Amino acid sequence: NTLLWRMNSWRMESEVVRDSLLAVAGLLDLTQGGIELDNTQALITHRRTLYYSSYPESGGKSALGELFDAPDPLDCYRRVSTIVPQQALALTNSDLVRQSSVAIVKAWQASSGAATDDSPDASDRFIDDLFAQVLSRSPSDEERCICRETLDRQRQLAVDPQAPTAITQARESLARILFNHNDFVTVR
């Protein structure tokens, strides 16, 4: 660290997690300026998290902010870094993550023309593109194999495994899984 050839890794702050989810999905509103927004609108609008208020009274932090260590207004906006199981649950089950995963899959299907293609080649292309978009790297052979198995397993859980919606839902599920990956929420 002394000669700046490397740095210590750390978990992203709540604002960065939310903005990263929206940016990866192509949903982030980059409009600059404007009025301060209330935290209750954090799941409705796609403005950068910078524009949401933070205050000490109840409701002063967004739901995602409370889980991912938002700054504490009563303690000079100091942050305490924690890793708790609820963070993984929020990155799996929240509406924001669901919207982001749906947007990523729709964009990929529109650009690739492989909306209903469940061949191994299409699955591998999707996995490679998803890793590049979400984690900014290629998957290892082991990760690719695990992702292929996950896509197959998720599709088999559907009522009609051959339906196009089953393929889409399996891909959305894999996107939500990658949002929970340590490489997504860690700055290295």
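Under the working numbering, the first residue of the sequence shown is numbered 99, with each subsequent residue one higher.
For each residue, glycine too, the CB sits at the ideal point set by N, CA and C.
The model shown is predicted, which means the values in this text are computed figures rather than measured ones.
Within the stretch 191–260, the complete alpha helix (DSSP H) segments of 4 residues or longer fall at 193–210, 218–233, 239–254, listed in chain order. Residue pairing by DSSP places residue 127 opposite 145 in a beta bridge. In summary, residue 147 is buried, with 16 or more beta-carbon neighbours lying within 10 Å of its beta-carbon over all protein chains present. When rounded, the separation of the alpha-carbon atoms in residue 143 and residue 277 is 20 angstroms. Spanning the alpha carbons of residue 221 and residue 285 requires a straight line of approximately 28 angstroms. From the listed residues 151, 179, 189, 214, the smallest Cα separation to residue 118 is found for 189. A residue is called buried once 16 or more other Cβ atoms fall within 10 Å of its Cβ, and residue 195 is buried on that count. The shortest C-alpha to C-alpha distance from residue 267 to any of 244, 197, 283, 234 is the one to 197. Assigned with DSSP and collapsed to three states, residue 135 falls in strand.
Residue 123 sits close to residue 199, with the two beta carbons spaced by under 9 angstroms. Here the alpha carbons of residue 216 and residue 125 stand approximately 26 angstroms from one another. Residue environment analysis places residue 202 among the buried positions, since at least 16 neighbouring C-beta atoms fall within 10 angstroms of its C-beta. Inter-residue distance for residue 192 and residue 104 is about 34 angstroms (C-alpha atoms, whole angstroms).
Under the DSSP assignment, residue 276 falls in the alpha helix (DSSP H) whose first and last residues are 262–277. Boundaries of the alpha helix (DSSP H) harbouring residue 282: 280–283, taken from the DSSP string. With 16 or more other Cβ atoms from the protein chains shown falling within 10 Å of its own Cβ, residue 225 counts as buried.
DSSP places residue 109 within a strand segment (E or B) once states are collapsed to three. By the CB criterion at 9 angstroms, residue 116 and residue 140 fall inside the cutoff.
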